Amino acid sequence: MLWAFYLETRTLLYISLHIIDSANDSRIPSENYFTKGKCGHILISTRNSALKIHGNTGPEFCNVSVVGFKEAKSPLLRSSGVPSPWARDSEDDAMTVTKASGLLALAIVQAGAAIHSGLCKMKDYLKFYQGSFETSTY
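Numbering (this note's numbering), first residue to last: 148 to 285.
Below you can see the structure in the form of structure tokens.
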């Protein structure tokens with residue numbers, strides 16, 4: 148994303164904002180994707196604590212605690228439209244989907260949206276996801 152701002156002198160200053168999401172693979176050097184120059188912002192979400200060396204503001208990084216599987220199934224059940232109180236079967240199915248998602252918030256909410264829109268049932272989501280992934284790759 149690139150924003151341009153005119154200064155009072157009418158010179159053009161480019162400020163960039165790069166968002167690198169789920170930079171968890173330590174084999175891929177994230178710094179290769181940083182822009183060169185002095186004007187820009189980079190937001191990295193990662194489970195790789197080694198990347199905090201790139202932080203340069205405030206406490207240099209924001210540590211967000213890890214969400215457990217039990218806590219992660221609640222947003223899945225809510226976003227999928229399962230009425231509460233949740234039945235044990237619904238919670239078990241949600242736990243299976245949550246574990247398969249690797250606790251990635253976007254994956255959990257996306258699963259809930261697919262279930263809520265009637266594309267599949269909670270217990271069938273992993274089969275649905277695998278099938279949609281296979282048809283989208285070539």
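C-beta atoms are modelled at their ideal positions from N, C-alpha and C, and glycine is treated no differently. A quick note: this is a predicted structure, and the numbers were derived from the prediction, not measured.
How big is the Cα-Cα spacing for residue i and residue j?
i	j	result
Ala234	Met269	12 Å
Ile262	Ile166	28 Å
Glu218	Gln257	17 Å
Leu266	Val244	15 Å
Phe181	Lys220	34 Å
Ala197	Ala252	21 Å
Asp240	Asn195	29 Å
So, at 7 Å on beta carbons, what are the nonlocal neighbours of residue i in its own chain, with the 5 sequence-adjacent residues on each side left out?
i	result
Ser237	Leu224, Val229, Met269
Val214	Leu250
Asp168	Ser192
What are the boundary residues of the beta strand (DSSP E) that includes residue i?
i	result
His263	Element bounds for His263: not the beta strand (DSSP E) but the alpha helix (DSSP H), 252-263.
Leu224	Premise fails: Leu224 lies in the alpha helix (DSSP H), 216-226, not in any beta strand (DSSP E).
Leu113	No answer is possible for residue 113: it lies beyond the span of the chain, which begins at 148 and ends at 285.
Buried or exposed: where does residue i fall if 16 or more other Cβ atoms within 10 Å of its Cβ makes it buried?
i	result
Tyr276	buried
Ala260	exposed
Between which two residues does the alpha helix (DSSP H) carrying residue i extend?
i	result
Met242	235-248
Whose C-beta lies closer than 8 Å to the C-beta of residue i among residues of the same chain, with five residues either side of it excluded?
i	result
Ala254	Ser248
Phe146	An answer regarding residue 146 cannot be provided, because it is not within the stretch 148 to 285 covered by the chain.
Among residues of its own chain, excluding the 5 on either side of residue i, which ones have a beta-carbon nearer than 6 Å to its beta-carbon?
i	result
Leu298	Absent from the model: residue 298. The displayed extent of the chain is 148 to 285, so no value can be given.
Ala170	Ser177, Ile191, Thr193
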